[in-house]
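A short write-up of the structure that comes next.
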Amino acid sequence: MWERVREPYVSKFKSDIFRAPIPLRTIQALLFQLVWPLPIQRQIEDPTWLYCGVAMNAALYMGIHSAKPARSLRGLGVQPGTPDLNAIEKFIRECPVSREFLYKIMVHHTLAKFTNILADETTGGVNHSLVEVIDGELDALQTRFPIDWTPRAEFTVLVAKLQLYTMTVIRPQGDPSSRDVLLRLGFAAALRVVYLTKEGLCFNSSESLDINPSMLQRSLPKTYFRGLILAAIFLLRYFALNKRATPQEQEMARNHVAIVHAYLKEGASTRVRDEKARAAALLENLVKQQPVDLENMKLRVDNRLGASLVIDAVSLSAELRGESGEAFRDILPSTCIHEQEIIHNHTYHEAPPVHAVHDPLDLGYNSMENMENLAPLPLDFNLPNDIWGDSLWGMFDLGNFPSPSAGPSQ
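Numbering (the working numbering), first residue to last: 125 to 534.
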């Protein structure tokens, strides 16, 4: 699929990437495409974020994000549209949408409604009573919008709760006991997310029974993989690698991180360098650390709400690779790291500290990739300044490709 998507992507970028695709079906097609994972070799090559921007600009250009003003024959002026969040709720009540999809929309709607309050730094720590209110609002959605409860619906609300707990515990806390309560809630949610993923989130087709279940597993929208990696990193930071966690919590967290690693590397990955394989390599890198006291460990990135935890983990992985001399190495054949080694206690207790990590990361690749094929696609036109946006994109490549400063071949 990637080969078929790549050529029209570049063609669109050259011709009409800055023009709004007026037909609504074009927007619908873009939105449908960008939710599916593509076997990209490097994060910067993923066209879906650009397609998402095109679709959003087109939607804003067409005004479909707000209600149409009532026409008047007696006056001039523009009636203000409905506020965005209210427009979303109004839309799902008036338009025929599947009940499960409606429920998922309202989960994100509820979390977005309170995000500005949670992100307000003027009050210091987060009001835990507010967190309880939001948690209750998420639970009440199942009553307000009754659906046939599916693993995907449960996964959606659990990830939303995990984001809620994460954006709370990363902030300064005046009451340690309240923070511990939220950590336990996040622990339970993360374990359940891993369990649901392992048991299977994909749709089961009654008409096409000949489809291999592993193929269905690989075809899940990428949003499920993002929730899974958030759960794994939450378990790693606050329990598996936290000296203050109990031995039982540490062991359970390690086992579930190993499940995530196996799922991403063997069950969900389609190529050795796609998004899921790189996420598995990220976990391989992070579990090499010694347990630490989190009270003395500040996040490197703490201004991106719940995503701060994942971005901090990627940043830490980049530092670990830099110290071990891997930042500018090519992909080389190596022996697979077995999940059993990750599960056993000795893997964690005997692992070298961060400053002593010198062994190259074993990514388990069995063949050597042609670096010429992995190079960015040459373009015969000038790109706008900072077209790729956030400088953090480079860290998602897991350091297996030369940096721009390594030479003109990049």
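All C-beta atoms in this analysis are idealised placements derived from N, C-alpha and C, irrespective of residue type, glycine included.
- Listed in chain order, the beta strand (DSSP E) elements of length 3 or more contained wholly in the stretch 322-377 amount to none.
- With fewer than three CB-CB distances shorter than 8 Å, the stretch 254-268 does not count as touching the stretch 313-325.
- Residues of the same chain with a CB within less than 6 Å of the CB of Tyr289, apart from the 5 flanking positions on each side, are Leu306, Leu309, Gly310 in chain order.
- In the displayed model, Val317 falls within a helix according to three-state DSSP.
- Counting along the chain, the unbroken alpha helix (DSSP H) around Ser253 starts and ends at 252-268.
- Cβ neighbours of Val231 within its own chain (closer than 8 Å, five residues either side excluded): Leu262, Leu265, Thr280, Val281, Ala284.
- Looking at the DSSP output, Val416 shares a beta bridge with Asn366.
- Out of Arg223, Val381, Glu131, the CA that lies nearest to the CA of Arg276 is found in Arg223.
- Within the same chain, Phe363 come within 6 Å of Ala369 by CB-CB distance, once the 5 residues on both sides are set aside.
- By the CB criterion at 7 Å, Leu388 and Ala403 fall inside the cutoff.
- Within a 10 Å sphere around the beta-carbon of Val221 sit fewer than 16 other beta-carbons, which makes this residue exposed.
- When the beta-carbon positions are compared, Val255 and Thr292 come within less than 7 Å of each other.
- Out of Asp426, Val438, Arg445, Ser441, the CA that lies nearest to the CA of Ala243 is found in Asp426.
- Non-local beta-carbon contacts of Thr347 in its own chain, meaning distances under 7 Å to residues more than five positions away in sequence, involve Val159 in chain order.
- Of the candidates Gln152, Arg166, Ala355, Gln152 places its Cα closest to the Cα of Met180.
- Leu354 is positioned such that its CB atom lies no closer than 7 Å to that of His385.
- In the DSSP assignment, Val283 falls within the alpha helix (DSSP H) that extends over 275-293.
- Counting the other CB atoms within 10 Å of its CB gives Lys400 a total of 16 or more, which places it among the buried residues.
- Leaving aside the five residues that flank Leu344 on each side, the residues in its chain whose CB is nearer than 7 Å to its CB run, in chain order, Leu325, Cys326.
- The Cβ-Cβ distance between Leu226 and Ile216 falls below 7 Å.
- Between Leu410 and Ser432, the beta carbon gap of about 15 Å keeps them out of contact (Cβ cut-off 8 Å).
- DSSP, read as helix, strand or coil, puts Leu429 in coil.
- Counting C-beta atoms within 10 angstroms of its own C-beta, Asn366 has 16 or more neighbours from the protein chains shown and is therefore classed as buried.
- In this structure, DSSP gives Asp272 a state outside helix and strand, which the three-state scheme calls coil.
- With fewer than 16 other CB atoms across the displayed protein chains lying within 10 angstroms of its CB, Phe156 is exposed.
- Spanning the alpha carbons of Ile212 and Gly446 requires a straight line of approximately 45 Å.
- Within its own chain, no residue has a Cβ closer than 7 Å to the Cβ of Gly260 once the five positions on either side in sequence are excluded.
- The shortest CA-to-CA distance from Phe358 to any of Ser253, Lys214, Val438 is the one to Val438.
- In the assembly as shown, Pro300 is an exposed residue. Its beta-carbon has fewer than 16 other beta-carbons within 10 Å.
- Excluding five sequence positions before and after Cys176, the CB atoms of its chain that fall closer than 6 Å to its own CB belong to Leu158, given in chain order.
- Around the beta carbon of Gly187, fewer than 16 other beta carbons lie within 10 angstroms, which makes this residue exposed.
- Going by C-alpha positions, Lys214 is about 12 Å away from Ile229.
- Of the other Cβ atoms in all chains shown, fewer than 16 fall within 10 Å of the Cβ of Pro296; this residue is therefore exposed.
- Nearest to Leu444 by alpha-carbon distance, out of Asn420, Gly430, Gln372, Gln414, is Gln414.
- Only residues of its own chain outside the window of five on either side were considered, and among them Leu209 have a CB closer than 7 Å to the CB of Lys237, listed in chain order.
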